[in-house]
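Below is one structure, written out as C-alpha cells; the observations come after it.
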Amino acid sequence: MGRYEERQKRTEWFREARFGMFIHWGLYAIPARGEWVKSTEKISTEDYQQYFEEFNPVRYNPREWAKLAKEAGMKYAVLTTKHHDGFCLFDSAYTDYKSTNTKCGRDLVKEYVEAFRAEGLKVGFYYSLLDWHHPDYPHYGDRQHPMRDNEAYKDTQAQLG
Numbered sequence: 042m043g044r045y046e047e048r049q050k051r052t053e054w055f056r057e058a059r060f061g062m063f064i065h066w067g068l069y070a071i072p073a074r075g076e077w078v079k080s081t082e083k084i085s086t087e088d089y090q091q092y093f094e095e096f097n098p099v100r101y102n103p104r105e106w107a108k109l110a111k112e113a114g115m116k117y118a119v120l121t122t123k124h125h126d127g128f129c130l131f132d133s134a135y136t137d138y139k140s141t142n143t144k145c146g147r148d149l150v151k152e153y154v155e156a157f158r159a160e161g162l163k164v165g166f167y168y169s170l171l172d173w174h175h176p177d178y179p180h181y182g183d184r185q186h187p188m189r190d191n192e193a194y195k196d197t198q199a200q201l202g
C-alpha cells in the first residue's frame, strides 16, 4: 500500500469515527485567558515563569476522562503535548521546560496515552513547532512572538541551524 492509500485509510477512519475529544491544555490554563495569552498580552518569559512554578494539576485524571469519553461514544482523543509557549506535558530530552520539572513532577502525556488506550480509544497529539520559550526562536518582528515589538530584542540574532 502506497503513502496516498495509507493516508486515505487513516482519513476514512477519522471521518467514520467522527466523535472525539480535543484536550487543549497547558500552562496557559492557569491565567485562564486562552492559549495565546503569552502572545496577545505580550508576556515576557520571565513574567510567564510564575505559571511554570505554580503548575501542579492535582485534578488531572486521564483515567476518569477516558472512561467518560468511552461512555459518551467517543472514538479518539487529541492532547496538546506542547503549545507555542514551549511548555511540554512530557519528559523531553530537548528542554527543561516540561511537566517533569514542575511541582507536578510527572509525564502527563504518558498517563494520557495509557489511560485512553486502556479504554480502547485512539490517541492523537497536538505538538506545536513554534516555541516562544526557546532563546533562538526569532523574537523581534515575528508576527506572534510575545516580544515582537520589544526594542530590547531588535538586534538579537537567532541561531538557526
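For what it's worth, the numbering used here labels the leading residue of the sequence shown as 42, then goes sequentially.
Backbone N, C-alpha and C fix where the C-beta goes; we use that ideal spot for every residue, glycine too.
No experiment lies behind these values; they were computed from the predicted model shown.
With a threshold of 16 other CB atoms inside 10 Å of the CB of residue i, please say whether the residue is buried or exposed.
| i | result |
| --- | --- |
| G67 | buried |
| V150 | buried |
| F60 | exposed |
| H175 | exposed |
Cβ of residue i versus every heavy atom of the ligand SAM: is any distance shorter than 7 Å?
| i | result |
| --- | --- |
| N191 | Of ligands this structure carries none, so the ligand SAM is not represented either. |
Rounded to whole angstroms, what's the CA-CA distance from residue i to residue j? Just pull it up for me.
| i | j | result |
| --- | --- | --- |
| C145 | D177 | 27 Å |
| G43 | W77 | 38 Å |
| R51 | S169 | 21 Å |
| E82 | E46 | 44 Å |
| K79 | D137 | 19 Å |
| H124 | A113 | 27 Å |
| G165 | R147 | 19 Å |
| S133 | Y153 | 16 Å |
| K111 | L162 | 7 Å |
Measure how close the beta-carbons of residue i and residue j come, nearest whole angstrom, since I'm counting them as under 8 Å.
| i | j | result |
| --- | --- | --- |
| T121 | I64 | 7 Å |
| E160 | A193 | E160 to A193, Cβ: 49 Å. No contact. |
| F96 | I71 | 7 Å |
Provide the residue span of the alpha helix (DSSP H) that contains residue i, from first to last.
| i | result |
| --- | --- |
| Y92 | 86-95 |
| A159 | 149-159 |
| L109 | 103-113 |
| Y45 | 44-58 |
| T141 | Counting along the chain, T141 falls outside any alpha helix (DSSP H), and DSSP gives it neither H nor E. |
Between the Cα of residue i and the Cα atoms of the options, which residue gives the shortest distance?
| i | options | result |
| --- | --- | --- |
| R74 | R59, M62, A58, Y92 | Y92 |
| R104 | R158, H175, L130 | R158 |
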